[in-house]
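K.L.:
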Amino acid sequence: MRFTLVCLVVSALGCGDDGVDQPPPREVMLEAVVGADGLSADVPFEIPEGTRSVTIVVEGAKDSLYALGAFAMGDGAELVNLPAGAPGPAMQATYEQEQIGQLAGDLYQSIRLGTFTHVYPYRPGQIVVEGNAYLRVASNRPGPVKIRILMPEDDGANALPLNIYIVSDTLADPDTPAFRSEVTRLLAQANVNVTFNLVERIPGTALERITDFSEPQEAPTSMSAMLPGLVADRMTTGLDIFFVEALPSGVGGLALGTPGPPIRGTYYFGVVVRGGLPAVELARITAHEAGHFLGLQHVQNRGISGRIYPDPLDDTTPGVDNLMEGGSLLTPHQAFALSRSALLEVRP
Numbered sequence: 001m002r003f004t005l006v007c008l009v010v011s012a013l014g015c016g017d018d019g020v021d022q023p024p025p026r027e028v029m030l031e032a033v034v035g036a037d038g039l040s041a042d043v044p045f046e047i048p049e050g051t052r053s054v055t056i057v058v059e060g061a062k063d064s065l066y067a068l069g070a071f072a073m074g075d076g077a078e079l080v081n082l083p084a085g086a087p088g089p090a091m092q093a094t095y096e097q098e099q100i101g102q103l104a105g106d107l108y109q110s111i112r113l114g115t116f117t118h119v120y121p122y123r124p125g126q127i128v129v130e131g132n133a134y135l136r137v138a139s140n141r142p143g144p145v146k147i148r149i150l151m152p153e154d155d156g157a158n159a160l161p162l163n164i165y166i167v168s169d170t171l172a173d174p175d176t177p178a179f180r181s182e183v184t185r186l187l188a189q190a191n192v193n194v195t196f197n198l199v200e201r202i203p204g205t206a207l208e209r210i211t212d213f214s215e216p217q218e219a220p221t222s223m224s225a226m227l228p229g230l231v232a233d234r235m236t237t238g239l240d241i242f243f244v245e246a247l248p249s250g251v252g253g254l255a256l257g258t259p260g261p262p263i264r265g266t267y268y269f270g271v272v273v274r275g276g277l278p279a280v281e282l283a284r285i286t287a288h289e290a291g292h293f294l295g296l297q298h299v300q301n302r303g304i305s306g307r308i309y310p311d312p313l314d315d316t317t318p319g320v321d322n323l324m325e326g327g328s329l330l331t332p333h334q335a336f337a338l339s340r341s342a343l344l345e346v347r348p
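If you count the sequence shown from 1, position 238 lands on 238 in our numbering, and the numbers rise without skipping.
1) CA-CA distance, valine 231 and alanine 225?
2) When we look at the beta-carbon of threonine 170 and count the other beta-carbons within 10 Å, is it buried (16 or more) or exposed?
3) Where does glycine 64 sit, in a helix, a strand or coil, going by DSSP?
4) For glycine 334 and aspartate 63, what's the separation of their Cα atoms in angstroms?
5) Between Thr258, Glu208, Asp212 and Ala279, which lies nearest to proline 248 when the distance is taken from Cα to Cα?
6) Which residue spans inside the region 245-288 form an unbroken beta strand (DSSP E) run of at least 3?
7) Restricting to Cα atoms, I'd like to know which of Ser305, Ala246 and Thr195 is closest to threonine 236.
8) Out of curiosity, what's the CA-to-CA distance linking valine 271 and proline 203?
9) In whole angstroms, what separates the C-alpha of aspartate 155 from that of glycine 50?
10) Taking 8 Å as the cut-off, does the region 70-84 touch the region 177-193 (at least 3 CB pairs, one atom from each stretch)?
11) In terms of alpha-carbon separation, which member of Pro220, Ile127 and Leu103 lies closest to alanine 93?
12) Only counting runs of 3 or more residues, tell me where the beta strand (DSSP E) segments fall wholly within the region 157-240, in order along the chain.
13) Going by DSSP in three states, glutamine 109 sits in which element: helix, strand or coil?
14) What are the residues that DSSP puts in a beta bridge with serine 139?
15) Indicate, with yes or no, if the ligand FAD has a heavy atom lying under 7 Å from the CB of alanine 77.
16) Quick check: what's the CA-CA separation for methionine 1 versus aspartate 42?
17) Anyone know if the C-beta pair for isoleucine 304 and glutamine 97 falls short of 8 Å?
18) For proline 348, does the count of other Cβ atoms within 10 angstroms reach 16, so buried, or fall short, so exposed?
19) Following the continuous beta strand (DSSP E) through proline 332, name the residue where it begins and the one where it ends.
20) Between which two residues does the beta strand (DSSP E) carrying methionine 29 extend?
21) Identify the continuous beta strand (DSSP E) that holds proline 312 and give its terminal residues.
22) Can you give me the start and stop residues for the beta strand (DSSP E) that proline 124 sits inside?
23) Identify which residue in Ile100, Tyr66, Arg52 and Val34 has its Cα closest to the Cα of glycine 306.
24) Would you kindly report the start and end of the unbroken alpha helix (DSSP H) that includes glutamine 92?
25) The beta strand (DSSP E) spanning proline 44 covers which residue range?
26) What are the residues that DSSP puts in a beta bridge with threonine 55?
27) Need the endpoints of the beta strand (DSSP E) that asparagine 301 sits in, please.
28) Can you tell me whether DSSP reads leucine 323 as helix, strand or coil?
29) What's the gap between the Cα of alanine 159 and the Cα of proline 142?
30) Please report the distance separating the alpha-carbon of arginine 26 from that of glycine 250.
31) Please name the residue in Met223, Leu207 and Glu208 whose C-alpha comes closest to that of serine 214.
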């Protein structure tokens, strides 16, 4: 028998002291238990009016895979529609054998080890419907999970603050005028206004040279996933960019999530870039990985089987200049996906 324990950490819909109904909260924290069949029971929550996006973050055991087993908004339409049967074997096959991590069904989502993130909408035409919603968590293993749901207001937020951390005693400071200018230019194509909160050097760690790398995404125990712990106590907003001396051969950068959890303190918060490259190339890698973290996929990926997995957008084309395929341009649909991120802020 499955059961769900729901714990709202902020006040739910109700009457305030003045007797006026209060709107539902824009951030909730919940708990659930995945049963032996690989699914939790329905986890209810409420979507406020005027919501930009719904970001769902599921955290569980670090050796378990997670995704959404069901998701419906105020209109009651179920968006995932998994194939019949327990989801665990299919999750393991696509993640471990195919090394892609896309779960079958109608919702484009990326399976993750330990902490899963999904942002909706992720393409034009998808609408956030206010009202009573619910989700189910899918996993390859039973056990408890914590769920955090962020539902930022659709207030025109488009500022993306960056926090630059140089994880090295000797690496040259990447924060040059040429670097800032190019990062700003690349993301401005999507009407994302890049700002810079801080630049900080972090010497004396054992993480300046990252030697491990895994597909389809990093594991909670990887060296890269240890980097956010260096700055988890920083009181700042925005996205963390970690510059290191080295990454494995052929890797110029990596995002700790596609999309990543927009929550400081989680081990998947941030992107990693190999420093020491020319400013324009550093900027392109930084913008590319930031794009992943905010929700952009590669234009296409190839699984171990040789099968091609395209992104979920209709206006991207393989082989055409694109920031998410070794180039520098962004399409209108990619701009839409970026604009839904809960990391974006309203700034004067």
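Note that the Cβ used here is the ideal one computed from N, Cα and C, for glycine as well. Since the model is a prediction, treat every value here as computed from it, not as a measurement.
P.N.:
Once the coordinates are examined:
1) 12 Å
2) exposed
3) It should be noted that the sequence gives serine, not glycine, for residue 64. Correct three-state label for serine 64: coil.
4) Note that residue 334 is glutamine in the sequence shown, not glycine. If you take the alpha carbons of glutamine 334 and aspartate 63, they lie about 32 Å apart.
5) Asp212
6) 253-255 and 271-274
7) Thr195
8) 18 Å
9) 8 Å
10) no
11) Leu103
12) 159-166 and 193-201
13) coil
14) Tyr66
15) Of the ligands one can find in the structure shown there are none, so the ligand FAD has no counterpart to examine.
16) Reliability of the predicted coordinates at methionine 1 is poor, the pLDDT of 32 falling under 50, and the value obtained from them is presented with this limitation in mind. Near 13 Å, if we compare the C-alpha coordinates of aspartate 42 and methionine 1.
17) yes
18) exposed
19) Element bounds for proline 332: not the beta strand (DSSP E) but the alpha helix (DSSP H), 332-339.
20) 27-34
21) First-last for proline 312: undefined, no H or E at that position.
22) Careful: proline 124 lies outside any beta strand (DSSP E) and carries neither H nor E.
23) Ile100
24) 88-92
25) 43-47
26) Val119 and Leu150
27) 300-302
28) helix
29) 39 Å
30) 41 Å
31) Met223
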